[in-house]
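S.K.: Before I ask anything, let me first share the structure, which is written out below as structure tokens.
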């Protein structure tokens, strides 16, 4: 199948790689074109000069860029000299947005696609860079069943699970729930680990014991030890988490859901950024509790 | 072995039952004596008239009561007409306190026991009523290695894991870390589940998808669905959680660990109590976020 992939970042590049490996003919686009060229050197396919050129003739156009504005730029061409992907997308084809973005944007793109006879899916992922590289992402999808049914077998090239959550926007809303659940959880774990160290306990031993019970979490099992050791140069960056939480808090202004701890943790992440931790893993919340710096 | 068990509550009664089943000769005591008598009807052994009488001749005296003051009452006899257990405990025997209490109390009891040549272990448990009934508790122990080595094979009658964490008080401190990790985690899960419902998502489907990734937790897997349905008439009561968090916050005043979200969640639990949820499970935090009541 002829497909396009827009955005050759740490997520997009390996995802597009899995599509190539699955036998698809992939046209890629990246704002910094050297990255698109580097990708074709490794995987074949073609590096397109614009999103519209990449989308030309593609049955499915995938997008995985930074934020709402970046998506608008590559899809609609707003504020960008190059042609947006939608201008090059044929009637009957499908646009899949893997960017974690607002539900409002998803509904906006869904309407724009509908007007042109293009199917739309908002499909944010979780599983991080490792999940993208290993083809083991969790994909949360919003859109119509028939569009989903067509795109799913292709998405499966890099997904461990790919689930239709509801109409357009539902993928983004599900990803928001995911990030809300993580934010307060990581803060709780930070308070627990910092308390353990202040109390003079053997932190690793504490983790071993309490991870068997009601305090257990993926974060405890995968981040507890690195938090105790103060290692944060890996994983999901605080800058990205703040972008995601900003989307959650904005959506909650609309739907009326109260997020007191999520809002507070967003502020703690601002403190991590102020400490120079913009690129640190989200588990670096514990650094705000430390006495140093 | 001749042992004593003080406190025939929802935890103590089944724990003492496992000791009887393991072949130990158990003398039990309870402030409300009818409960002790009911226990002997079912398990044999003897119901003692006072903590001191129960402790008489016991190689190990177990305590599982409500809070610091209750422990002082049964062990030291403070403010109680009946004799405290320590008065009846022979040199060379061991006192094991399973109550979740302060580390200060643990150190105080350790000193009092030392004076009389009695070994002491602070040994709070996790795993709840079901864990006590199934003999599958996690026991976090503070005290000396030799005392631990003697008591562990007996404790194993109702423990899935029993770990020495450090000197006296370390069991209590480890339990505090456990409760700190749970408090913020349950709040995060509450905010996530409430947001999902406000956003019009299928909550059960959301749980199914996000529990595969970085948001996963024991609480999500075991409480997510009941939270969505508003079911709280089971589990670990809010009143008990507030007692535990009070111990954590007090300890943190001493050791300097900051607990901003733990302190906030403690206040949310106060709101649950005000809604009439004193006996509701800790997952009832989501009720504070609801619009009703």
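Protein chains in written order, with this note's numbering: chain A, 1 to 293; chain B, 1 to 293. Note that CB positions come from ideal geometry on N, CA and C, so glycine has one too. All of these numbers come straight from a predicted model, not from anything done at the bench.
Which of the three DSSP states, helix, strand or coil, is assigned to residue 193(A)?
M.R.: Residue state, collapsed to three classes: helix.
S.K.: Can you check whether the C-beta of residue 198(B) is within less than 8 Å of a C-beta belonging to chain A?
M.R.: Cβ-Cβ to chain A under 8 Å: yes for residue 198(B).
S.K.: Is it the case that the Cβ atoms of residue 279(A) and residue 244(A) are separated by a distance below 8 Å?
M.R.: Result no, Cβ atoms of residue 279(A) and residue 244(A) do not sit closer than 8 Å.
S.K.: At the level of alpha carbons, what is the spacing between residue 123(B) and residue 103(B)?
M.R.: For residue 123(B) and residue 103(B), the distance between alpha carbons rounds to 11 Å.
S.K.: Run through chain A and tell me which residues come within less than 9 Å of residue 31(B), C-beta to C-beta.
M.R.: Simply none; closest approach about 28 Å.
S.K.: Are residue 107(B) and residue 168(B) touching if we call contact CB-CB under 8 Å?
M.R.: For residue 107(B) and residue 168(B), yes; Cβs fall inside 8 Å.
S.K.: Got a sec: is the Cβ-Cβ distance from residue 173(B) to anything in chain A below 8 Å?
M.R.: By this cut-off, residue 173(B) is an interface position.
S.K.: Where does residue 160(A) fall in DSSP's three states?
M.R.: Here residue 160(A) sits in strand by DSSP.
S.K.: Based on the DSSP secondary-structure assignment, which residues constitute the bridge partners of residue 29(A)?
M.R.: Bridge partners of residue 29(A): 6(A).
S.K.: Taking 8 Å as the threshold (C-beta atoms), are residue 248(A) and residue 215(B) in contact?
M.R.: In this structure, residue 248(A) does not lie closer than 8 Å to residue 215(B) by Cβ.
S.K.: If you scan the segment 66-132 of chain A from start to end, which runs of the beta strand (DSSP E) of 3 or more residues do you find wholly inside it?
M.R.: Counting whole runs of 3 or more residues, the segment 66-132 of chain A contains the beta strand (DSSP E) stretches 94-97 and 119-122.
S.K.: Return the chain-ordered list of same chain residues with a C-beta closer than 7 Å to the C-beta of residue 186(B), the five sequence neighbours on each side being excluded.
M.R.: Hits under 7 Å: 219, 282, 283 and 285.
S.K.: Closest by CA to residue 171(A), which one among 188(B), 161(B) and 200(B)?
M.R.: Considering only alpha carbons, the answer is 200(B).
S.K.: Just to make sure I have the definition right: I need the residues of chain A whose C-beta is within less than 8 Å of the C-beta of residue 19(B). Which are they?
M.R.: Neighbours of residue 19(B) on chain A: none; closest Cβ ~22 Å, over 8 Å.
S.K.: Can you name the residues of chain B whose CB is closer than 9 Å to the CB of residue 34(A)?
M.R.: Ordered by position in chain B, no residue passes the 9 Å Cβ test against residue 34(A), which lies about 31 Å from the chain.
S.K.: Considering residue 226(B), what are the terminal residues of the beta strand (DSSP E) in which it resides?
M.R.: Not the beta strand (DSSP E): residue 226(B) falls in the alpha helix (DSSP H), residues 218-229.
S.K.: If I'm right that residue 209(A) touches residue 147(B) with Cβ under 8 Å, what's the distance once you round it to whole angstroms?
M.R.: Contact flag wrong, Cβ pair sits at about 18 Å.
S.K.: Determine, using beta carbons only, whether residue 212(B) and residue 165(A) come nearer to each other than 8 Å.
M.R.: Not closer than 8 Å, so no.
S.K.: Report the partner residues of residue 285(A) according to the DSSP bridge assignment.
M.R.: According to DSSP, residue 285(A) bridges with nothing at all.
S.K.: If you run the structure through DSSP and keep just helix, strand and coil, what is residue 15(A)?
M.R.: It is helical.
S.K.: In terms of residues, what are the limits of the beta strand (DSSP E) holding residue 62(A)?
M.R.: 60-63 is the span of the beta strand (DSSP E), which, as asked, contains residue 62(A).
S.K.: Return the CA-CA distance between residue 37(A) and residue 12(A), expressed in angstroms with no decimal places.
M.R.: Cα to Cα, the separation comes out at about 14 Å.
S.K.: I'd like to check one pair, residue 121(B) with residue 92(B): are the Cβ atoms closer than 8 Å?
M.R.: Contact: no.
S.K.: Which residues of chain C have a Cβ atom closer than 9 Å to the Cβ of residue 64(B), listed in chain order?
M.R.: Included in the structure are the protein chains A and B, with no chain C among them.
S.K.: Chain B beta carbons: is any one of them nearer than 8 Å to that of residue 127(A)?
M.R.: Chain B, which has a Cβ nearer than 8 Å to the Cβ of residue 127(A), makes this yes.
S.K.: Could you name the residues of chain B that residue 188(A) contacts, counting a contact when the two beta carbons are closer than 9 Å?
M.R.: Those within 9 Å of residue 188(A) in chain B are 180, 181, 182, 183, 184, 185, 186, 187, 188, 261, 262 and 265.
S.K.: Output yes or no for whether 8 Å exceeds the beta carbon distance between residue 20(A) and residue 44(A).
M.R.: Yes.
S.K.: For a contact defined as C-beta to C-beta under 7 Å, what are the partners of residue 10(B) on chain A?
M.R.: Under the 7 Å cutoff, chain A gives no residues; its nearest Cβ is about 16 Å from residue 10(B).
S.K.: Can you find a C-beta in chain B that's less than 8 Å from the C-beta of residue 216(A)?
M.R.: True, the Cβ-Cβ gap to chain B drops below 8 Å.
S.K.: From residue 327(A) to residue 184(A), what distance separates their C-alpha atoms?
M.R.: The requested residue 327(A) is not part of the displayed model; chain A covers only 1 to 293.
S.K.: Would you identify the three-state DSSP class for residue 1(A), choosing helix, strand or coil?
M.R.: Looking at residue 1(A) - three-state DSSP - the assignment turns out to be coil, as it is neither helix nor strand.
S.K.: Does residue 81(B) have its Cβ less than 8 Å from a Cβ in chain A?
M.R.: For residue 81(B), the predicted model reports a pLDDT of 48, less than 50, meaning its position is unreliable; a value from the coordinates is still stated below. Chain A, which has no Cβ nearer than 8 Å to the Cβ of residue 81(B), makes this no.
S.K.: Can you check which of these residues, 273(B), 197(B) and 54(B), is closest to residue 232(B) by C-alpha distance?
M.R.: Out of 273(B), 197(B) and 54(B), 273(B) has the C-alpha closest to the C-alpha of residue 232(B).
S.K.: What is the rounded straight-line gap between the Cα of residue 158(B) and the Cα of residue 195(B)?
M.R.: Roughly 39 Å separates the two Cα atoms.
S.K.: Would you mind working out which of 52(B), 163(B) and 226(B) sits nearest residue 189(B), comparing C-alpha positions?
M.R.: Per the Cα distances, 226(B).
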